[in-house]
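Protein chains in written order, with my numbering: chain A, 1 to 310; chain B, 1001 to 1570.
Please read the structure below before turning to the comments.
What follows is the structure in structure tokens.
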């Protein structure tokens, strides 16, 4: 009996130790802010296209990912960053977080979609948009908003939800685009004096909650928790497909968009494998797959409007 | 090996080579040193890193760098100061509610003759098998802005987000922890006192207020303290159901991950550490008193309760049990319903996790928890043995070190690990092993306490016999102590396993591209709006813990051990 117990524990320990994977493949650690459902799909393709790579990835929101990379600056845990907002990427260049790498096929990417020195290369765009729950709108007899300014209507009080710009790239994009859209004179004055802040103060009165992730406002609106989620365009398509009563509003004031880019991190432990991955990330096969989710990809000749259903 | 003994000579039945005896002299100091170093390096060192970052400019340890700027910043920013009041408010309210509920629940279990006690006892323990986010997930499905009850049954604008939601979910989460304490207290107090008072003509009300309550007061205080600590340090429930209502734990996370303010995160950690440490010390003091109240003559026979009392308590216990069951039913149901609450078709699609890790996170969690369980239970038993029966030097000091982890919030410990070990020479950083170590250290206290109480029940003469027959330290431990503490070992294993499977706060800073954990996946899925899949992951964790619980019960029954179960746990 004693032996049985002992052997059970021995087996458990052996299994536990054995569970630590020992892979012969080249490991590459990838950080990304792309949406989970995209990443799952892209990584499946990557596994097929890059059979000799063992790709280990984590998906965090734009701000969280930035904080993590900064925290790991002296001991980088990741090799490359993939699908991360260009605004943040550009901040990383002077901070010395990135290494110059021009992936294979870099020349094909138009100049406006890449860093001239080769620190980052953008692969796609995503657009700020409003996702509206039609069922909730009907039940509460709310008018359909056409753009940002309509959201100030007091009937929407507590019905709106948007991402927290500190943690979410989408939230940052929304604020940044409002600063440009609401104040034609934005270039000539300090950002504190931008007219958009007055608008945001007004908008705050209607806002039900600020939330960490950029896609969650859309999903909470879809689930009926809120009427209107300030989110981004492509998440709408997948919600619609799942059967939620949602519709998409591209703000009439103009649509803010952001590039998502890839780069090689300084101090990458698996540089060779990371470079292979970055080559793949702007290659034709990957770009075609991005186009099934995104409104725009940077690869010339790829379909620029995919299944987003616009 | 040549034996120089005659078979009749019992003393030389276990011959020990001179080398082994040499080695034996070093075993005890070596083990003591190992445990001390373990706690120094993996508990005090990370705490020190947090202190350093909050009190010294740039985290550089030098007198000239000493600064209170971080604390000044914290206390002058309205938004962050609010987190402290919020935390205290929800913790105190939760503490009061839980203590009152659990007192009457434990009273019903120990002092009345209601039917179905076994059922109630198992139900009240249920929250232990689930992560402390389950309650919030279920409550949102019921009382969220589009909740089944709020939006579809009574059609109200009111929703549960905010302090109310945090309090209700924490109450439902803390019940089993408080129950264990009050159950022990109430069943240990001599019930004949009540009987004597009653036969002397006291009214039931007078008996209750003059005898029952005062005799259980230390248990009540201790349960209250534990509830307060669990609530103020919890992260999972407030992050999901708190909405814009920030508490200290969520604020630490927000400062670190959203704003990259590690210094402020460390500062808030210190601010969180103060109340939880104070309450822990209070509890430590109280629990010493509790022992003196326990009478050896406690009598387990309960006189039959009056019918009205029985009905009242049955209804009360049923209501509480219903609340707990409801949480579990909703989470499991929510994981199968296609689009809650619009399309009630049942589906498995939420179990195709829309995340990079998916099921691999679940398996990592299982393996990590198995290792944590085995190694944790073993180390704490060894430590308890060394401290309890071999009385090393500095026993009190080592004891204090090993009960300290209970006072340190998981989130604080996790942040400390990032600050202390995120260096290229700490090879374990970024591997599952740091999670293993963190889980062992975070739950060290309970392992040690259960080890010590088990060893106190082992007759010292058995051990003496082993030693006088020539058994060395190692042999005595493995042949005598370990087999005799088998039941306690299983229980401690179970405790470590459950904690490691369900903890969120301790490991949320430690997950990485290479280490995904199931409990953290719940948070991530929910963050991205995949609530149904978050429920599905939660269901998977609950299922695995229940399976392991069942297996362990079978093993311990087969090996003739006493009852190993949730009730015997803690």
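Quick reminder that beta carbons are idealized off the backbone N, C-alpha and C, glycines included.
As the structure is a prediction and not an experimental result, all values here were calculated from the model.
Span separating the alpha-carbon of residue i from that of residue j
{"i": "residue 1003 (chain B)", "j": "residue 1029 (chain B)", "result": "Residue placement at residue 1003 (chain B) cannot be trusted, given a pLDDT of 46 that sits under 50; the coordinates are not used to answer."}
{"i": "residue 1049 (chain B)", "j": "residue 98 (chain A)", "result": "28 Å"}
{"i": "residue 1141 (chain B)", "j": "residue 233 (chain A)", "result": "26 Å"}
{"i": "residue 1385 (chain B)", "j": "residue 1374 (chain B)", "result": "16 Å"}
{"i": "residue 51 (chain A)", "j": "residue 272 (chain A)", "result": "15 Å"}
{"i": "residue 86 (chain A)", "j": "residue 161 (chain A)", "result": "24 Å"}
{"i": "residue 246 (chain A)", "j": "residue 1244 (chain B)", "result": "25 Å"}
{"i": "residue 1020 (chain B)", "j": "residue 1470 (chain B)", "result": "11 Å"}
{"i": "residue 1574 (chain B)", "j": "residue 1046 (chain B)", "result": "There is simply no residue 1574 (chain B) to check, as chain B begins at 1001 and stops at 1570 in what is shown."}
{"i": "residue 1036 (chain B)", "j": "residue 1438 (chain B)", "result": "16 Å"}
{"i": "residue 1086 (chain B)", "j": "residue 1096 (chain B)", "result": "16 Å"}
{"i": "residue 279 (chain A)", "j": "residue 213 (chain A)", "result": "28 Å"}
{"i": "residue 1535 (chain B)", "j": "residue 1360 (chain B)", "result": "17 Å"}
{"i": "residue 72 (chain A)", "j": "residue 1281 (chain B)", "result": "35 Å"}
{"i": "residue 1129 (chain B)", "j": "residue 1444 (chain B)", "result": "19 Å"}
Close Cβ partners of residue i (< 7 Å) along its chain, the five nearest in sequence each way excluded
{"i": "residue 1094 (chain B)", "result": "1167, 1170, 1171, 1174, 1227, 1231"}
{"i": "residue 1265 (chain B)", "result": "1252, 1255, 1256, 1415"}
{"i": "residue 1377 (chain B)", "result": "1447, 1489, 1492, 1493, 1496"}
{"i": "residue 226 (chain A)", "result": "159, 160, 161, 208, 220"}
{"i": "residue 1042 (chain B)", "result": "1437, 1441"}
{"i": "residue 1211 (chain B)", "result": "1193, 1194, 1197"}
Buried versus exposed, by CB contacts within 10 Å (16 or more), residue i
{"i": "residue 1537 (chain B)", "result": "buried"}
{"i": "residue 145 (chain A)", "result": "buried"}
{"i": "residue 1246 (chain B)", "result": "buried"}
{"i": "residue 1526 (chain B)", "result": "buried"}
{"i": "residue 193 (chain A)", "result": "exposed"}
{"i": "residue 1396 (chain B)", "result": "exposed"}
{"i": "residue 1285 (chain B)", "result": "exposed"}
{"i": "residue 70 (chain A)", "result": "exposed"}
{"i": "residue 1155 (chain B)", "result": "exposed"}
{"i": "residue 1224 (chain B)", "result": "buried"}
{"i": "residue 1407 (chain B)", "result": "buried"}
{"i": "residue 1465 (chain B)", "result": "exposed"}
{"i": "residue 1069 (chain B)", "result": "exposed"}
{"i": "residue 1468 (chain B)", "result": "exposed"}
Neighbourhood of residue i by C-beta distance below 8 Å, restricted to the same chain and skipping five residues each side
{"i": "residue 1571 (chain B)", "result": "Residue coverage of chain B in this structure runs from 1001 to 1570, which leaves residue 1571 (chain B) outside it and unanswerable."}
{"i": "residue 1430 (chain B)", "result": "1512, 1514, 1515"}
{"i": "residue 1062 (chain B)", "result": "1056"}
{"i": "residue 308 (chain A)", "result": "Since pLDDT at residue 308 (chain A) reaches only 34, below the 50 mark, its modelled position is unreliable, and the value read off the structure follows with that caveat. Correct list, in chain order: 233, 234, 236, 237, 293, 294, 295."}
{"i": "residue 256 (chain A)", "result": "127, 128, 173, 174, 176, 177, 178, 180, 181"}
Reduced DSSP secondary structure (H/G/I, E/B, other) of residue i
{"i": "residue 1054 (chain B)", "result": "helix"}
{"i": "residue 55 (chain A)", "result": "strand"}
{"i": "residue 144 (chain A)", "result": "coil"}
{"i": "residue 1349 (chain B)", "result": "helix"}
{"i": "residue 1393 (chain B)", "result": "coil"}
{"i": "residue 1421 (chain B)", "result": "helix"}
{"i": "residue 1531 (chain B)", "result": "helix"}
{"i": "residue 165 (chain A)", "result": "coil"}
{"i": "residue 1235 (chain B)", "result": "coil"}
{"i": "residue 119 (chain A)", "result": "coil"}
{"i": "residue 82 (chain A)", "result": "strand"}
{"i": "residue 1509 (chain B)", "result": "coil"}
{"i": "residue 28 (chain A)", "result": "strand"}
{"i": "residue 310 (chain A)", "result": "In this prediction, residue 310 (chain A) has a pLDDT of 33, which is less than 50 and means its spatial position is unreliable; nothing more can be read from the coordinates."}
Spatial neighbours of residue i in its chain, beta-carbon cut-off 6 Å, leaving aside the 5 residues before and after
{"i": "residue 1346 (chain B)", "result": "1336"}
{"i": "residue 1132 (chain B)", "result": "1173, 1234, 1236, 1237"}
Contact residues within the stretch 1408–1421 of chain B, judged by C-beta distance below 8 Å to chain A: Taken in chain order, the members of the stretch 1408–1421 of chain B whose beta-carbon sits within less than 8 Å of a beta-carbon on chain A are 1418.
Members of the stretch 61–80 of chain A near chain B, C-beta cut-off 8 Å: 61, 63, 64, 66, 67, 68, 70, 71, 72, 74, 75, 77, 78
Contacting positions in the stretch 1238–1264 of chain B - beta carbon closer than 8 Å to chain A: 1243, 1244, 1254, 1256, 1257, 1258, 1259, 1260, 1262
Chain A contacts from the stretch 1511–1524 of chain B (Cβ-Cβ distance under 8 Å): 1511, 1512, 1513, 1514, 1516, 1524
Contact list for the stretch 184–214 of chain A against chain B, Cβ threshold 7 Å: 209, 210, 212, 213
Residues of the stretch 222–233 of chain A whose Cβ lies closer than 7 Å to any Cβ of chain B, in chain order: 223, 224, 225, 226
Residues within the stretch 1325–1351 of chain B neighbouring chain A, beta-carbon criterion of under 8 Å: 1338, 1339, 1340, 1341, 1342, 1343
Cβ-based contacts, 9 Å cut-off: residues of the stretch 242–259 of chain A near chain B: 242, 243, 244, 245
The stretch 164–184 of chain A: positions lying closer than 9 Å to chain B by Cβ: 164, 166, 167, 168
Members of the stretch 1166–1183 of chain B that neighbour chain A once the beta carbon cut-off is set at 9 Å: none
Selection of the stretch 1140–1151 of chain B by Cβ proximity to chain A, strictly under 9 Å: Taking 9 Å as the Cβ-Cβ cut-off, the stretch 1140–1151 of chain B approaches chain A at 1140, 1144, 1145, 1146, 1147, 1151, given in chain order.
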